[in-house]
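See below for the structure under consideration.
Number of protein chains: 2
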Amino acid sequence: MSGYLDARPRVGYFYTGKSGNHMLAEKIKHITVNEYQSRPVVVQESESVYDAICTMFLEDVGTLFVVDKQKTLVGVLSRKDLLRASLGKQALESIPVSIIMTRMPNITVCKQDDLIIEVANKLIEKQIDGLPIVVEVEYGSRFEVVGRITKSNITALLVDLANDDVI
Amino acid sequence: MSGYLDARPRVGYFYTGKSGNHMLAEKIKHITVNEYQSRPVVVQESESVYDAICTMFLEDVGTLFVVDKQKTLVGVLSRKDLLRASLGKQALESIPVSIIMTRMPNITVCKQDDLIIEVANKLIEKQIDGLPIVVEVEYGSRFEVVGRITKSNITALLVDLANDDVI
Chain P
1 MSGYLDARPR VGYFYTGKSG NHMLAEKIKH ITVNEYQSRP VVVQESESVY
51 DAICTMFLED VGTLFVVDKQ KTLVGVLSRK DLLRASLGKQ ALESIPVSII
101 MTRMPNITVC KQDDLIIEVA NKLIEKQIDG LPIVVEVEYG SRFEVVGRIT
151 KSNITALLVD LANDDVI
Chain S
1 MSGYLDARPR VGYFYTGKSG NHMLAEKIKH ITVNEYQSRP VVVQESESVY
51 DAICTMFLED VGTLFVVDKQ KTLVGVLSRK DLLRASLGKQ ALESIPVSII
101 MTRMPNITVC KQDDLIIEVA NKLIEKQIDG LPIVVEVEYG SRFEVVGRIT
151 KSNITALLVD LANDDVI
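For the protein sequence lines, the chains are P and S, in the order given. Residue numbers for the first sequence follow UniProt numbering, so the first one is 1 and each next one is one higher. Residue numbers for the second sequence follow UniProt numbering, so the first one is 1 and each next one is one higher.
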């Protein structure tokens, strides 16, 4: 019954006052990022826009993360970043992704134990498709990417909730 | 208490056997598309890929619907359809969207009174971002687009469920 009823000696069961909606809200508010994350796909900052678009198709993702040689997260590439570049006159093979990416510190990140509902709020507020899941290394001076969480993962969560598959 | 408890004369309240998860699942399974839809953005089939990309930025959407002169839905353009076109050598101004779009009858559509959970399942299964919401005209021989439902709408629904905002 998980919260709907409480019991006391000589009283028996009584209704705690929590509604079904309230219980549902409480349930969703406890699901963390690591329960629904996907693997990240990264490209090097020196790669061309052309190669990044190819990687996006080959890996079947909608967002790429850009890293430097130390594997530090330096940027994010959305499909729209790549489309914007394709409107220009310059050959896509000659533009490095570092020129068109959204770069740190303007990137919204999250961590594996963050709540998925916080991520959902950020995705809506900032109108983006996904966030990199990061770990801090060297006392927080840089981030390494360990995962990715997107509106697809959120959609999968809703389907699981409807199928009663969330523990 | 909406289903958790039932009552009978001389018996009093008793637990119906439905779990919190079950109730949540039931709740989600009753939400329809028209409660969370967005407005559709359409382009004509004769427009160029270049203009379609511009429309996508101007209208701030991720999916465009392609219509003919009778306003009949004839195709869908995803960001990836447009990116694929940009990998080619041809000038984007010279390619009509009708060449690169996904065309009827290969388009998944939904209606305003469909269940949102069915849409969520289709979005995951077909790995797409959104569906056109259509009405049948002329006895079902053609579809007109009246809305759009995407993973962003599904994400907004999850946030509402967590905030206890869904009636």
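Virtual Cβ for every residue (Gly too), placed ideally from N, Cα, C.
Query raised in the report: Around the C-beta of ASP129/P, are 16 or more other C-beta atoms found within 10 angstroms, so that it is buried, or is it exposed?
Result: Against the first sequence, residue 129/P aligns to sequence position 129. ASP129/P is buried by the Cβ-count criterion.
**Report entry** Alpha-carbon spacing of TYR50/P relative to GLU138/S, whole angstroms
**Finding:** Here the question's residue 50/P lines up with position 50 in the first sequence. Here the question's residue 138/S lines up with position 138 in the second sequence. Cα to Cα, the separation comes out at about 45 Å.
Requested in this report: Would you mind telling me which residues of chain P sit closer than 9 Å to ALA156/S, beta carbon to beta carbon, in chain order?
Outcome: Your numbering for residue 156/S matches position 156 in the second sequence. Chain P residues near ALA156/S: ALA120 and ILE124.
Query raised in the report: Which residues mark the beginning and the end of the beta strand (DSSP E) in which ASP81/S is found?
Result: Position 81 of the second sequence, counting from 1, holds the residue named residue 81/S. Premise fails: ASP81/S lies in the alpha helix (DSSP H), 79-87, not in any beta strand (DSSP E).
Report task. Give the interface partners of ASN163/P over in chain S, defined as CB-CB distance under 7 Å, in chain order. Result -> As a working mapping, residue 163/P is identified with position 163 in the first sequence. Chain S residues near ASN163/P: ALA25.
Query raised in the report: Taking the alpha-carbon positions, what's the LEU77/P to ALA7/S distance?
Result: Counting from 1 along the first sequence, the entry for residue 77/P is found at position 77. Counting from 1 along the second sequence, the entry for residue 7/S is found at position 7. For LEU77/P and ALA7/S, the distance between alpha carbons rounds to 57 Å.
Query raised in the report: Interface residues of chain S around ILE117/P at Cβ under 8 Å?
Result: For this step, residue 117/P is matched to residue 117 along the first sequence. Those are LEU158, VAL159 and ALA162, listed as they occur along chain S.
Query raised in the report: Can you tell me the Cα-Cα spacing of ASN153/P and GLU93/S, whole angstroms?
Result: Taking the first residue of the first sequence as position 1, residue 153/P is located at position 153. Taking the first residue of the second sequence as position 1, residue 93/S is located at position 93. If you take the alpha carbons of ASN153/P and GLU93/S, they lie about 35 Å apart.
Requested in this report: Could you spell out where the alpha helix (DSSP H) holding ALA91/P opens and where it closes?
Outcome: On the first sequence, position 91 is the one that residue 91/P refers to. No alpha helix (DSSP H) contains ALA91/P, which DSSP labels as neither H nor E.
Report task. Between the Cα of ASP81/P and those of ARG103/P, LYS71/P, GLN70/P and THR72/P, spot the shortest distance and give me the residue it belongs to. Result -> Walking along the first sequence from the start, residue 81/P turns up at place 81. Closest by alpha carbon: ARG103/P.
Query raised in the report: Got a sec, what are the start and stop residues for the beta strand (DSSP E) ILE133/S sits in?
Result: Here residue 133/S refers to the residue found at position 133 when the second sequence is read from its first residue. Where ILE133/S is concerned, the enclosing beta strand (DSSP E) stretches over 130-137.
Requested in this report: Find the nearest neighbour of THR72/S within the set THR32/S, VAL135/S, ASN163/S and ARG79/S, judged by alpha-carbon distance.
Outcome: Residue mapping note: residue 72/S aligns to position 72 of the second sequence, counting from 1. Minimum Cα distance to THR72/S is reached at VAL135/S.
**Report entry** C-beta atoms of VAL119/P and VAL33/P nearer than 8 Å
**Finding:** Start at 1 with the first residue of the first sequence, and residue 119/P comes out as number 119. Start at 1 with the first residue of the first sequence, and residue 33/P comes out as number 33. It is a contact, given that the beta carbons lie within the stated cut-off.
Query raised in the report: Would a C-beta distance cut-off of 8 Å place ALA162/S and ILE53/P closer than the cut-off?
Result: As a position in the second sequence, residue 162/S is number 162, starting the count at 1. As a position in the first sequence, residue 53/P is number 53, starting the count at 1. No.
Requested in this report: Would you please verify whether the beta carbon of HIS22/P is less than 8 Å from any beta carbon of chain S?
Outcome: For this step, residue 22/P is matched to residue 22 along the first sequence. Yes, HIS22/P lies at the interface with chain S (some Cβ there is under 8 Å from its Cβ).
Query raised in the report: If residue 172/S and ARG148/S are in contact, beta carbons under 8 Å, what's the gap, nearest whole angstrom?
Result: The structure shown does not extend to residue 172/S, since chain S is modelled only from 1 through 167, so no value can be given for it.
Report task. Express the C-alpha separation of ASP164/P and GLU45/S in angstroms, rounding to a whole number. Result -> Residue 45/S sits at position 45 when you count from the first residue of the second sequence. Residue 164/P sits at position 164 when you count from the first residue of the first sequence. Whole-angstrom Cα-Cα distance: 43 Å.
Report task. Please look up how many angstroms separate the CB atoms of VAL61/S and VAL41/S, rounded, as I've assumed it's under 8 Å. Result -> Sequence index remark: in the second sequence, residue 61/S carries index 61 (1-based). Sequence index remark: in the second sequence, residue 41/S carries index 41 (1-based). Indeed, because the Cβ distance is near 5 Å, the residues count as touching under 8 Å.
Query raised in the report: Would you call the CB atoms of THR108/S and LYS89/S closer than 8 Å?
Result: Sequence index remark: in the second sequence, residue 108/S carries index 108 (1-based). Sequence index remark: in the second sequence, residue 89/S carries index 89 (1-based). In this structure, LYS89/S does not lie closer than 8 Å to THR108/S by Cβ.
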